[in-house]
Structures are given as structure tokens and as C-alpha cells.
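> Protein chains in written order, with our numbering: chain A, 6 to 116; chain B, 902 to 1016.
We put the CB at the ideal spot given by N, CA and C, even for glycine.
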Amino acid sequence: QKEVEQDPGPLSVPEGAIVSLNCTYSNSAFQYFMWYRQYSRKGPELLMYTYSSGNKEDGRFTAQVDKSSKYISLFIRDSQPSDSATYLCAMSSGGGNKLTFGTGTQLKVEL
Amino acid sequence: GAVVSQHPSWVICKSGTSVKIECRSLDFQATTMFWYRQFPKQSLMLMATSNEGSKATYEQGVEKDKFLINHASLTLSTLTVTSAHPEDSSFYICSATMTNLETQYFGPGTRLLVL
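What follows is the structure, given as C-alpha cells:
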């Protein structure tokens, strides 16, 4: 079993839809959680970073962490075609340790 | 803030040659830099972790003599692919972080094609 599981998609939604992207993890040592967006042939871009259970909002993006269930989510409101990309969840146990990534979910927002 | 650059963005070389890729943190001092490799439609695979002034720590299965990493300053790390072969063709991405920061900032990546 992988430490981090992420549905690879592809996920196709109409413009304006609410998108929910999810990851589950098995390592209870993970304390820091990130979401990255990666456009084709580009490096990942940090979208959200959180370290506590609950919700964190930034514009159209909301990151949700439930440490008791070992489950994290990224919600995108009013999705736009420019949101079409691969979304990677990542997490670490801290102390400068390396990140463990999900496999990425490919999202396409259609006009 | 937290901008990381890579150079070159793409490179084509002949089999047997060596290729150097630079990774720079432009607006912060990176105590730790990471090098990843990514194949099409796959996630990032960590190759090595480097701390400024120290030898890099390589992940299992990554050849140290093939992928030379130097982290000579707090803003620059280099990855040299020695005697490159077609199977080394890939997308190489670096990331950087600072002390007490648990996230990483990624460069734009370097696409390597070995003919």
C-alpha cells in the first residue's frame, strides 16, 4: 500500500463547477500538508500549505485536513479553464524531511 | 517571493556527453535543495537531497557517480548527468527550502533529451 493515495483522474468538469480533489494517507507521522498545481511541462507551483486539521481558504481554493481520518482535500470554487492542470498533494513529517507526493490528479475545466 | 530558477530549460545532447543543470533560489537562501526526476504522466521521483556545503544524500537506486550534485552556496545547486544515455532523457526538477520551512518551492524544470 502506498503511503499517499490520490485518484489519478482524469477529472473533467464544466467551467464554474466546484472541484473536489482528495488524498488519503497511512503514515500518522505526516504533519504538514501541501497542494501543488503543475501545468504540462512546468514545475509544480505551491497552492496551499497547512499543518493543522480544519479548513484553510485562499481565494477560490480551500484546503481541508482531517488528521483523524488521514484525509486531505482541495476544493476549487468557480473553476476556470486556466485551472486545467495536474494537482499533486504532498506531505511531510517535518524536521526538513522529504515530501511524499500523491500520484497527481489531472483536471480539465471545459468551457 | 520564493522563486526558484533552473537553467537550461531544455537541452539536447549526444549519448556519452555530460550535461550540467543549474538550480538557483533567487530571493531566499536555500539551506536544502532537492532534485527530482519526472516521467510523462507520473509523479515526482526524488533523486537526492543536498544541503549547502555537504555531500548530497541520494535515494536508493540513484547512481551517485552518474548524477553528480553540488550545492556550493545557499543559492545554487547543480546536477551533472555524466555520460548521458537515452534512458536518462527525462524532466528534471529542483526544489528549495529554508530552515524551519516544511514546504518546498520548485523550479520550472529542465527537459533533457539524449540522442
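Between which residues of its own chain and proline 13(A) is the CB-CB distance below 8 Å, once the five residues before and five after are set aside?
Locating residue 13(A) in the first sequence gives position 8, counting from the first residue. Thr108, Gly109, Thr110, Gln111.
> Which runs of the alpha helix (DSSP H), 4 residues or longer, sit entirely within the stretch 48-72 of chain A?
none
> Using alpha carbons as the reference points, say which of Gln930(B), Phe940(B), Lys965(B) lies closest to asparagine 952(B).
Your numbering for residue 952(B) matches position 51 in the second sequence. When only C-alpha atoms are compared, the closest one is Gln930(B).
> Between phenylalanine 106(A) and chain B, is any beta-carbon pair separated by less than 9 Å?
On the first sequence, position 101 is the one that residue 106(A) refers to. It does; some Cβ of chain B falls within 9 Å.
> For the stretch 997-1016 of chain B, enumerate the residues whose C-beta is nearer than 9 Å to any C-beta of chain A, in chain order.
Thr998, Thr1000, Asn1001, Leu1002, Glu1003, Thr1004, Gln1005, Tyr1006, Phe1007, Gly1008, Pro1009, Gly1010, Arg1012
> Would threonine 998(B) be called buried (16 or more neighbouring beta carbons within 10 Å of its own) or exposed?
As a first step, residue 998(B) is located in the second sequence; it is residue number 97 there, counting from the start. Threonine 998(B) is buried by the Cβ-count criterion.
> Would you say serine 944(B) faces chain A, with C-beta separation under 9 Å as the test?
In the second sequence, residue 944(B) corresponds to position 43, counting from 1. Yes, serine 944(B) counts as interfacial toward chain A.
> Of the choices Tyr1006(B), Phe968(B), Leu975(B), His908(B), whose alpha-carbon is the least far from that of glutamine 43(A)?
Translated into positions along the first sequence, residue 43(A) becomes position 38. Ranking Tyr1006(B), Phe968(B), Leu975(B), His908(B) by CA distance to the CA of glutamine 43(A) puts Tyr1006(B) first.
> Taking the CB atoms as reference points, tell me whether leucine 1013(B) and aspartate 989(B) lie closer together than 9 Å.
Looking up residue 1013(B) in the second sequence gives position 112. Looking up residue 989(B) in the second sequence gives position 88. Result yes, Cβ atoms of leucine 1013(B) and aspartate 989(B) sit closer than 9 Å.
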